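Student: At position 39 of the sequence shown (counting the first as 1) the number is 39 in the UniProt record's numbering, and the numbers step up by one without a gap. My structure is below; once you've seen it, I'll send some questions.
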Amino acid sequence: MTRPVLDDLLGYHLRRASILDLAGFAEALGDEIKPVSFTVLCLIEETPGITAAEIGRQARLQRANLAPMLAEFDGRGLIERRADAEDQRIQRLHLSPLGARAVADWRERALAQEERTFGALTSNERETLRGLLSRIWKDV
1 MTRPVLDDLL
11 GYHLRRASIL
21 DLAGFAEALG
31 DEIKPVSFTV
41 LCLIEETPGI
51 TAAEIGRQAR
61 LQRANLAPML
71 AEFDGRGLIE
81 RRADAEDQRI
91 QRLHLSPLGA
101 RAVADWRERA
111 LAQEERTFGA
121 LTSNERETLR
131 GLLSRIWKDV
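If you want it as structure tokens, here you go:
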């Protein structure tokens, strides 16, 4: 008897795991923040003063998608825009105090959700999986 075709497709397994993970994220964070928005805010937290162009490159987001997201963050008081010291046309992005508290809360809940999703894997298995997955997308 032959194996089902889907068993041989890594993309199928990635999609199944991604669907499970995204569903858990939605359950843990509800309508408060979407995964891509959380990613952008984490990039701002990890790199204070990052520009929108740098975020777009790192997160592979188009300016047309990123601009409204940043405007939403502005409206919610999550970020602060500061002019670059050398070039006033460039805006540097920082989390506001409210944004820093929100990201800390969301990170805690996202990590707890990940524990539920990936709890069947040992820490070594998770590190191996993380390394393998990042090899696929980092150099593309």
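Note that beta-carbon positions come from the ideal geometry of N, C-alpha and C, so glycine has one too. This structure is a prediction, so every number in the text was calculated from the model and none was measured.
1) If I measure Cβ to Cβ from residue 143 and keep anything under 8 angstroms in the same chain, skipping five residues before and after, which residues do I get?
2) Run through DSSP, which three-state label would Glu125 get?
3) For Glu108 and Trp137, I'd like the C-alpha separation in whole angstroms.
4) Taking all protein chains shown into account, do 16 or more other C-beta atoms lie within 10 angstroms of the C-beta of Ile55, making it buried, or fewer, making it exposed?
5) Applying the criterion that 16 or more other CB atoms from any shown protein chain within 10 Å of the CB defines a buried residue, is Leu10 buried or exposed?
6) I think Gly24 touches Gln113, with their Cβ atoms under 8 angstroms apart; what is that distance to the nearest whole Å?
7) So, for Leu95: in the same chain, excluding its five sequence neighbours on each side, which residues have a beta-carbon less than 8 angstroms away from its beta-carbon?
8) Out of Gln91, Leu132, Asp139, which has the shortest C-alpha to C-alpha gap to Leu14?
9) Find out if the Cβ-Cβ distance for the pair Ala110, Ala28 is shorter than 9 angstroms.
10) I'd like the span of the beta strand (DSSP E) that includes Ile79, first residue to last.
11) Does the Cβ-Cβ distance between Thr117 and Leu20 come in under 9 angstroms?
Tutor: The short version:
1) Nothing can be reported for residue 143: it is not among the residues displayed for the chain, which extend from 1 to 140.
2) Locating residue 125 in the sequence shown gives position 125, where the first residue counts as 1. DSSP places Glu125 in helix when its eight states are reduced to three.
3) As a working note, residue 108 is residue 108 in the sequence shown. As a working note, residue 137 is residue 137 in the sequence shown. Straight-line Cα distance between these residues: approximately 25 angstroms.
4) By one-based count along the sequence shown, residue 55 stands at place 55. Result: buried.
5) Taking the first residue of the sequence shown as position 1, residue 10 is located at position 10. The residue in question, Leu10, is exposed, as its Cβ has fewer than 16 Cβ neighbours within 10 Å.
6) As a working mapping, residue 24 is identified with position 24 in the sequence shown. As a working mapping, residue 113 is identified with position 113 in the sequence shown. Correct: roughly 5 angstroms between the Cβ atoms.
7) For the purposes of this step, residue 95 is taken as the residue at position 95 of the sequence shown. For Leu95, where only same-chain residues beyond five positions count, the Cβ hits under 8 angstroms are Leu41, Ile44, Glu45, Pro48, Leu78, Ile79, Glu80, Val103.
8) Counted from its first residue, the sequence shown places residue 14 at position 14. Of the candidates Gln91, Leu132, Asp139, the one whose C-alpha sits nearest the C-alpha of Leu14 is Leu132.
9) Here residue 110 corresponds to residue number 110 of the sequence shown, with the count starting at 1. Here residue 28 corresponds to residue number 28 of the sequence shown, with the count starting at 1. Their beta carbons are under 9 angstroms apart, which means Ala110 touches Ala28 by this criterion.
10) Here residue 79 is taken as the residue at index 79 of the sequence shown, counted from 1. Where Ile79 is concerned, the enclosing beta strand (DSSP E) stretches over 79 to 83.
11) Counted from its first residue, the sequence shown places residue 117 at position 117. Counted from its first residue, the sequence shown places residue 20 at position 20. Contact flag set, yes.
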